[in-house]
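Quick mapping for you: the protein sequence lines, in order, are chains A and B.
So our numbering is basically just the index in the first sequence, starting at one, shifted up by 186.
So our numbering is basically just the index in the second sequence, starting at one, shifted up by 2.
Yeah, the Cβ is synthetic: ideal placement off N, Cα and C, and Gly gets one too.
Model, not experiment: these values are computed from the prediction.
Encoded as structure tokens, the structure appears first; notes follow it.
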Amino acid sequence: MLSDMNPADVTGDYREYTLDLFGIGPRRVLVTDEEVPYPDGRLIVSRTDTEGIITHVNRSFVAMSGYTEDELVGAPHSILRHPDMPRAAFADLWRTVQRGEIWQGYVKNLRKDGAHYWVKATVIPNVRRGRIVGYTSVRRKPERRKVEECIALYARMVAEEREVK
Amino acid sequence: MSYVFTVSPDFSPDHLPGWFVFNTWMQRVSGLRFHLELMDHFSDLRRAVEADRIDLIYANPHDAAMLVREKGFVALVKPGDGADEAVIAVSADSPFHRVEDLEPESRIATTGDPDVHLMGMILLEPAGLNRENVTLHHCDSYVLVAKRLFRGESDAGIFLARAFDELSRPVRERLRMLVRSDIQVIHHYLMAGPRLADRVDDLRDRLTAMGDDAKTAEILKGLGVSRWEAVDEEEVEFMIDLMDTLSYSPA
Ligand SMILES: Cc1cc2nc3c(=O)[nH]c(=O)nc-3n(C[C@H](O)[C@H](O)[C@H](O)COP(=O)(O)O)c2cc1C
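Okay, structure coming up:
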């Protein structure tokens, strides 16, 4: 399960949002304006089971997320969900990988301390003996110009999603 | 019956005699006949694999994917010397100080090593560089990549990190590293094909025991390998998935 974010973990001024997470329900998240730059030369890697529960994280993942490995493994991947990310992006991710295909996109992730980091993520289904047994996401450093495009695009998408609601 | 053993063409020429010594040792301890056939080009290797001529191979990560997924190969061991990583370097007097300083239409020197090239292109991506907007020069060795850089013929070069570290001092001093990958999971593997399926456990045991005595330690030294480490199926599958994410580009 996923507990609410704790003000004691957050550095600096923050805003409060309540996310409605799939299969989990509401989660209170605390968000600052701080961006942490993507570390040069690294890949941030995680794996999940078919339900999106984290089964494996690499060192770079742990370092960037601000959580410990114990907090991450066993948690739903939406532990990193940032309120500025449109729902449609993740709906597209899940639809694509469940079809057995690769998904690629830019993602703004929320850290335990309320800061965020941008990644270029590629998610691949792990096919073993013809069956999907889980998913792997490999993130790399994004081109800044693409991040700027996504900031504008996602803001429009999130605004539209709020109106529909 | 005799089996064909080959080594991915990206092996260091310094280790050429080492592979022959290793092959002799393998034959003696396994009681199997291996014919070591070295190929100059990746395309020759591809053809031999396609024709199911290869039984044992020291494979680069790129070929490992195809060997496992399409040809039923099993990984026996990997070198215990750390993973394959890539370096982006420029000439020491280059105006570029970060990867992001490079611009589209840059001239990039690279080699035929498919996995090093792939990792290098990932490292160049934050600058907005991709295979459509750079001019690639394929060199036959990393020393030639270095030369292109200090002659000003290329703006940046892609190196296997280990090869970059092994460049001679005078060459190194004329280069500047912009970034080094820290991916940690991309390896070469020694792999066995379907005709050796019933020998996999025996071969793996003998390989991982290498280095226990002075004689086999010496043979490993000739390959530039400190130790062979056993690998399981899932580790290789994981690396292949990871390589697939790196080589993916949307249609
Ligand atoms: C392998 C894999 C990796 C994922 N990585 C992230 C991630 O880094 N950040 C994120 O917000 N969601 C990630 N997701 C998507 C989440 O599972 C989830 O769909 C998303 O956070 C939105 O939450 P919701 O589906 O509950 O609305 C990943 C999913 C998979 C399968």
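Reference residue i, options the options, closest by Cα
{"i": "residue 38 of chain B", "options": "B:45, B:48, B:44, B:27", "result": "B:27"}
{"i": "residue 88 of chain B", "options": "B:234, B:133, B:162", "result": "B:162"}
{"i": "residue 257 of chain A", "options": "A:294, A:236, A:298, A:237", "result": "A:298"}
{"i": "residue 321 of chain A", "options": "A:188, A:274, A:285, A:217", "result": "A:285"}
{"i": "residue 216 of chain A", "options": "A:342, A:194, A:315", "result": "A:194"}
{"i": "residue 315 of chain A", "options": "B:236, B:227, B:245", "result": "B:236"}
{"i": "residue 229 of chain B", "options": "B:21, B:83, B:65, B:51", "result": "B:83"}
{"i": "residue 233 of chain B", "options": "B:153, B:225, B:192, B:214", "result": "B:192"}
{"i": "residue 145 of chain B", "options": "B:111, B:106, B:216", "result": "B:111"}
{"i": "residue 302 of chain A", "options": "A:337, A:319, A:277", "result": "A:337"}
{"i": "residue 9 of chain B", "options": "B:3, B:51, B:31, B:34", "result": "B:51"}
{"i": "residue 282 of chain A", "options": "A:318, A:252, A:253, A:268", "result": "A:318"}
Three-way DSSP call (helix, strand, coil) for residue i in this model
{"i": "residue 263 of chain A", "result": "helix"}
{"i": "residue 227 of chain B", "result": "coil"}
{"i": "residue 25 of chain B", "result": "helix"}
{"i": "residue 36 of chain B", "result": "strand"}
{"i": "residue 313 of chain A", "result": "strand"}
{"i": "residue 397 of chain A", "result": "Not covered by the structure: residue 397 of chain A. The range shown for chain A is 187 to 351."}
{"i": "residue 329 of chain A", "result": "coil"}
{"i": "residue 337 of chain A", "result": "helix"}
{"i": "residue 238 of chain A", "result": "coil"}
{"i": "residue 307 of chain A", "result": "strand"}
{"i": "residue 55 of chain B", "result": "coil"}
{"i": "residue 294 of chain A", "result": "strand"}
{"i": "residue 212 of chain A", "result": "strand"}
{"i": "residue 197 of chain A", "result": "coil"}
{"i": "residue 251 of chain A", "result": "helix"}
{"i": "residue 246 of chain A", "result": "helix"}
{"i": "residue 43 of chain B", "result": "coil"}
{"i": "residue 188 of chain A", "result": "coil"}
{"i": "residue 230 of chain A", "result": "strand"}
{"i": "residue 320 of chain A", "result": "strand"}
{"i": "residue 202 of chain A", "result": "strand"}
{"i": "residue 258 of chain A", "result": "helix"}
{"i": "residue 207 of chain A", "result": "strand"}
{"i": "residue 75 of chain B", "result": "coil"}
{"i": "residue 233 of chain B", "result": "coil"}
{"i": "residue 17 of chain B", "result": "helix"}
Euclidean distance between Cα positions of residue i and residue j
{"i": "residue 124 of chain B", "j": "residue 23 of chain B", "result": "36 angstroms"}
{"i": "residue 150 of chain B", "j": "residue 85 of chain B", "result": "26 angstroms"}
{"i": "residue 16 of chain B", "j": "residue 251 of chain B", "result": "36 angstroms"}
{"i": "residue 55 of chain B", "j": "residue 43 of chain B", "result": "16 angstroms"}
{"i": "residue 242 of chain A", "j": "residue 187 of chain B", "result": "14 angstroms"}
{"i": "residue 230 of chain A", "j": "residue 61 of chain B", "result": "25 angstroms"}
{"i": "residue 138 of chain B", "j": "residue 121 of chain B", "result": "15 angstroms"}
{"i": "residue 274 of chain A", "j": "residue 344 of chain A", "result": "9 angstroms"}
{"i": "residue 296 of chain A", "j": "residue 192 of chain A", "result": "13 angstroms"}
{"i": "residue 245 of chain A", "j": "residue 244 of chain B", "result": "15 angstroms"}
{"i": "residue 279 of chain A", "j": "residue 294 of chain A", "result": "14 angstroms"}
{"i": "residue 300 of chain A", "j": "residue 248 of chain A", "result": "15 angstroms"}
{"i": "residue 270 of chain A", "j": "residue 341 of chain A", "result": "7 angstroms"}
{"i": "residue 305 of chain A", "j": "residue 247 of chain B", "result": "14 angstroms"}
{"i": "residue 182 of chain B", "j": "residue 126 of chain B", "result": "11 angstroms"}
{"i": "residue 152 of chain B", "j": "residue 189 of chain B", "result": "30 angstroms"}
{"i": "residue 65 of chain B", "j": "residue 220 of chain A", "result": "42 angstroms"}
{"i": "residue 238 of chain A", "j": "residue 240 of chain B", "result": "17 angstroms"}
{"i": "residue 198 of chain A", "j": "residue 346 of chain A", "result": "29 angstroms"}
{"i": "residue 234 of chain A", "j": "residue 260 of chain A", "result": "9 angstroms"}
{"i": "residue 107 of chain B", "j": "residue 114 of chain B", "result": "20 angstroms"}
{"i": "residue 330 of chain A", "j": "residue 104 of chain B", "result": "13 angstroms"}
{"i": "residue 48 of chain B", "j": "residue 250 of chain A", "result": "39 angstroms"}
Residue i: CB within 8 angstroms of a non-hydrogen atom of ligand 2
{"i": "residue 244 of chain A", "result": "In the structure shown, ligand 2 is absent; the only ligands present are ligand 1."}
Residue ranges of each alpha helix (DSSP H) within the stretch 78 to 160 of chain B, 4 or longer: 116 to 126, 144 to 152
- prompt: For the stretch 255 to 266 of chain A against the stretch 204 to 221 of chain A, are there 3 or more C-beta pairs whose distance is under 8 angstroms?
  reply: yes
task: Could you pull out every unbroken beta strand (DSSP E) segment of at least 3 residues lying fully inside the stretch 174 to 214 of chain B, listed in chain order?
output: 177 to 182, 191 to 194
- prompt: So, do the stretch 224 to 233 of chain A and the stretch 323 to 336 of chain A have three or more beta carbon pairs nearer to each other than 8 angstroms?
  reply: yes
- prompt: Should the stretch 303 to 320 of chain A be regarded as contacting the stretch 283 to 294 of chain A, the criterion being three or more beta carbon pairs within less than 8 angstroms?
  reply: yes
query: Is there contact between the stretch 197 to 208 of chain B and the stretch 132 to 152 of chain B, where contact requires at least three CB pairs shorter than 8 angstroms?
result: no
message: So, does the stretch 165 to 182 of chain B touch the stretch 89 to 105 of chain B, judging by three or more C-beta pairs under 8 angstroms?
response: yes
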